[in-house]
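Enquirer: Supplied in structure tokens, the structure appears directly below.
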Amino acid sequence: MIRDITIGQYYPADSIVHKLDPRVKLFTTLIYIIALFSFKGILSFAIIGVFLFAAVKLSKVPFKFIVKGLKAIVMILLITAVFNLFLTPGDVILWQFKSLKITDVGLTNAVVMMSRLILLIIGTSLMTLTTTPNQLTDGLETALKPLNKIHVPVHAIAMMMSIALRFIPILIEETDKIMKAQMARGADFEHGNLIQRAKNMVPLLVPLFVSAFRRADDLAMAMEARCYNGGDGRTKMKPLRYGKADYITYGAAIVFLVLVVVARINFPWPQ
Amino acid sequence: MGIIKAKGLVHEFIRRDEDNNVESITTALDHVNLDVKEGQFIAILGHNGSGKSTLAKHINALLAPSEGTIWVDDMDVSKEENVIPVRKRAGMVFQNPDNQIIASVVEEDVAFGPENIGVPTEEILERVDFSLKSVGMTKFRQHSPNKLSGGQKQRVAIAGVVAMEPKCIVFDEPTAMLDPNGRKEVIKTAHKLNREKGVTILLITHYMEEVVDADYVYVMEKGHIVMDGTPRDIFSRVDELKAHRLDVPQITLLADNLRKAGLEIPAGILTREELVDAIMKISVRADMKSIAKSALKRMENRKEAVGEEKVVFSPVTKKDPASSILMDHVNYCYSEGTAYQIQALKDINLEIDKGQFIGIIGHTGSGKSTLIQHLNGLIKATEGNIYFNGEDIYDKDYDMRKLRGKVGLVFQYPEYQLFETTVFEDVCFGPKNQGLERKDVELRAFEALKNVRFPEELFDQPPFDLSGGQKRRVAIAGVLAMKPEVLILDEPTAGLDPAGRDEILDLIADMHRELGITVILVSHSMEDVAKYVDRIIVMNQGSVMYDDVPKEVFRHYKELEQVGLAAPQVTYLMYELAEKGLSVDLTAATVAEATRGILAAL
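Here the protein sequences come in this chain order: A and B. Numbering-wise (my numbering), the first sequence opens with residue 20 and increments by one. Numbering-wise (my numbering), the second sequence opens with residue 2 and increments by one.
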């Protein structure tokens, strides 16, 4: 199950999309989400579909791989669809059983919500699939730099994110080790009711926290020893620089949004 | 004036309670004077808690002195405005390879330092190239540090420091958490930097064999520098070193033994070649021969009198199928059926009889840790069967938790699993899980703590405040309290200083004798194991390579070397002497055996 979730995974490939500046990808994804929640009618839907399809083709990520990521949210999709389908009031009742009824509005709502969610997941996972977590934090840091002026510690947040990314696998390994060590002392993590199980987690969580704090302490010292002094006056080995493709993508994203909005205003059918 | 100079350096750790009143003062450094010339390779030795790491942190301005002054490149470290310039000049490599790598990609981590000090982009790229090259890690540039071995991670950390172009690098126990191969990699890299780039190196360690090639050695104890001199100088003072809880390389110890027996061997022998030459030189002299004879006789007499020498354990090798572990064609695959499939164990057939003291040896990744986790059912074999006391542990109605009580497993760095508020409660955890009455639980815990010789007045202390060695005892007691029939210990000496290592190994040997339990000791150090066990199983690439008594295993010292394991130093020495025509006892594996062997051969 966990392995099926492709959101947040990176798919290495050599494509134009992979090489784009992370800021561009963040911006385009944002535009894409705005478009997704403002479209109305079959024409704007088609525009979004074509845009997404083109992006996926350009990224060289196999379509199958992306669709696999949808498996994880099948339940959410179904629940949304069912609620929209049966619980939306409308003028024309197509089918009724006691208080449950399917109306025309409900039917369109269900279809629209389903397609929105599916497109949302595919679009956003395309971004994470083509951008390494490090590029992503880098992009966020640069893009959000103006917030520094209103005292948002952008650099510190980005640094925290990248350190978290580095230590997640280490802590998972450590959890596994401590779990085995406590199992060797007869601990039981699998049986019992919820409260008992929660209580049984204490021998796992205490050592884990102790070790996490020790690591944090060590790391802070190692960073200081390498002259880390916050974000001021830092340079970058690979500073983000816009290329031609990046400007073109910016343009394409804006044209795309305009098209969707125009289509929505002039051709909003069906509702 | 030297690059690092300390005068009357004092550092006190002051512990305060909640009301900010001083609770206790620990003096970690007590009037230390130091003068290091540029381009030198300096080693600082000392056992855990001797103050050597505190000293190192002063050189990098991570700690400020309570009294006295320390200058790095003529800058007073305690001045606020000097902190960053000092850190640029004096880099530092720490002990834990994982906790000092910041980025998720090797090259980005190396760039971290230069980025911090504002080096322009093009120059950062150049520096990263050249630093990775100087530690031999260019190939791994784009890799994630999580996929590297301990030695490789340390080399990345070194590259990260080199990229800041420091004049001096302080290594704070860089090898304490590594296996022998990793240790060699790191020490070699340090020497290379010193030789080729002229970087001043300060190596802090408790492994004596790492300081043999240093220019100058300081020995620290209780915050003082108690000895200093060239390695030869220091190593000729064997008894003094022992008094400071340090151990001496086997070869130096052997040379010292022979000299004390009256032979004319020069003091401060460091390498095998030197000792072979010295022995061959005196082997032709008649007067030395008679000295050797009488020394040997004296030794035999003394042995009878005090019964020194290691106690030779007589293994209870009863072929009783009802009291042993039997592994029958065991195979194990990680992530079976995926692209990452790794065959960790290949067709393992072993019989472990009750009461044996076994050493399992292999380097990292040889499958030894996987093997022992099979024995208490934490890992289930993908193929094959395991029988404990004649019962198949993979039977549907076999009680795994009971098995884990009978086959106790102490993991590597077991102190990390302590979690209770007091030592005593923590040891109670195992027996409590076995479902015993409170009274029995406490009795078991009490006995176990007594068995590991844990001082009674510390029973109610929180385990987190204890020293490393004490914590490890508590963790071992935690497993012992379940009254196992078999006790397995995975690298029980990792990270301890030499004296701590010997104490734990002696303790294990005593427990084996007194409690009559089967003990399986996993290690990558042949020298540690040779002294204690009566059977060695050598693991290589998931298979059993050798399984025999130590002497027989060491006979294959050449093959062992090929798979990255080394026989004890004295074994090599004996073979080299034999090659030169001296008919010595080739099976000697400990210093005592070798001393007798050489005296008898002369």
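Built from N, CA and C at the ideal position, the CB exists for glycine as well.
(1) Counting only Cβ pairs nearer than 9 Å, list the residues of chain A close to G40/B.
(2) Check distances from the C-beta atoms of the stretch 70–100 of chain B to those of chain A and list, in chain order, the residues that come in under 8 Å.
(3) If distances are taken between C-alpha atoms only, which option among D549/B, V550/B and V539/B comes closest to Q563/B?
(4) Alpha carbon to alpha carbon, how far is D535/B from T588/B? Give it in angstroms, no decimals.
(5) With distances taken between CB atoms, is the gap from F236/B to L204/B smaller than 9 Å?
(6) Which one of V523/B, V213/B and K403/B has the shortest CA to CA distance from P432/B?
(7) Relative to chain A, which residues along the stretch 470–482 of chain B have a C-beta separation below 7 Å, given in chain order?
(8) Candidates A160/B, I362/B and N21/B: which alpha carbon is nearest E528/B's?
(9) Given a cut-off of 9 Å, decide if L410/B and A374/B are closer than it, judged by their beta-carbon atoms.
(10) Would you say the stretch 216–223 of chain B touches the stretch 31–47 of chain B, given that touching needs at least three Cβ pairs under 8 Å?
(11) Just to confirm the assignment, what range does the alpha helix (DSSP H) spanning C429/B have?
(12) Can you find a CB in chain B that lies within less than 9 Å of the CB of I92/A?
(13) Tell me, please, which residues DSSP counts as bridged to L106/A.
(14) Taking the CB atoms as reference points, tell me whether R474/B and I505/B lie closer together than 9 Å.
(15) With distances taken Cα to Cα, identify the nearest neighbour of M178/A among D123/A, G250/A and V43/A.
(16) Express the C-alpha separation of D278/B and L254/B in angstroms, rounding to a whole number.
(17) Buried or exposed: which applies to W72/B, given that a residue is buried once 16 or more other Cβ atoms fall within 10 Å of its Cβ?
(18) Quick one: which chain B residues come within Cβ less than 8 Å of M256/A?
(19) Please name the residue in S325/B, E337/B and A345/B whose C-alpha comes closest to that of V331/B.
(20) Compile a chain-ordered list of the residues in the stretch 40–59 of chain A whose CB is closer than 8 Å to at least one CB of chain B.
(21) Run through the DSSP bridge pairs and tell me what Q101/B is partnered with.
(22) So G137/B packs on P98/B, CB below 8 Å; how close in whole Å?
(23) Could you tell me if L213/A is buried or exposed, where buried requires 16 or more neighbouring beta carbons within 10 angstroms of its beta carbon?
(24) Less than 7 Å between C-beta atoms, sequence neighbours within five positions excluded: which residues of the same chain meet that for A74/A?
(25) Which residue wins for smallest C-alpha separation from V131/A, given the options K59/A, A239/A and S34/A?
(26) The ligand ATP and A601/B: does any heavy atom of the ligand fall closer than 8 Å to the residue's C-beta?
(27) Report the option in R184/B, T122/B and P175/B whose CA atom is closest to the CA atom of A164/B.
(28) What residues in the stretch 167–182 of chain A bring their beta carbon closer than 9 Å to a beta carbon of chain B?
(29) Just checking: is the beta-carbon of E243/A within a distance shorter than 9 Å of some beta-carbon in chain B?
(30) Strictly under 9 Å for the Cβ-Cβ distance: is S105/B near chain A by that measure?
(31) Check whether the Cβ atoms of F275/A and A54/A sit closer than 9 Å, and answer yes or no.
(32) Would a check of beta-carbon distances place T318/B closer than 9 Å to chain A?
(33) Please report the straight-line C-alpha distance between I326/B and D398/B, rounded to a whole angstrom.
(34) Along the stretch 188–201 of chain A, where does the CB come closer than 9 Å to a CB of chain B? Name the residues.
(35) Work out the CA separation of D354/B and T318/B for me, nearest whole Å.
(36) State buried or exposed for E116/B, treating a residue as buried only when at least 16 other CB atoms are found within 10 Å of its CB.
Expert: Checking against the coordinates, here is how it stands:
(1) Result: empty, since nearest Cβ-Cβ is about 22 Å, beyond 9 Å.
(2) I85, R88, K89, G92, M93, F95, N97, D99 and N100
(3) V539/B
(4) 14 Å
(5) no
(6) K403/B
(7) G479 and V480
(8) I362/B
(9) What sits at residue 374/B in the sequence shown is Gln, not Ala. Yes. Within cutoff.
(10) yes
(11) V424 to N434
(12) no
(13) DSSP lists no partner for L106/A.
(14) yes
(15) G250/A
(16) 16 Å
(17) buried
(18) E108, E109, A112, P115, E116, T122, I125, L126 and V129
(19) A345/B
(20) none
(21) Q101/B is not bridged to any residue.
(22) Not quite, the Cβ-Cβ distance comes to about 16 Å (not below 8 Å), so this is no contact.
(23) exposed
(24) V36 and L145
(25) K59/A
(26) The ligand ATP is not part of the structure shown, which contains no ligands of any sort.
(27) T122/B
(28) M178, S181 and I182
(29) yes
(30) yes
(31) yes
(32) Unreliable placement is indicated for T318/B, whose pLDDT of 47 sits below 50; the coordinate value is still reported in the next sentence. Closer than 9 Å: no.
(33) 18 Å
(34) P188, I189, E192, E193, K196, I197, K199, A200 and Q201
(35) Any reading at T318/B needs caution, since the residue's pLDDT is 47, under 50, leaving its predicted position unreliable; the model's value is listed next. Those two C-alpha atoms are separated by around 6 Å.
(36) buried
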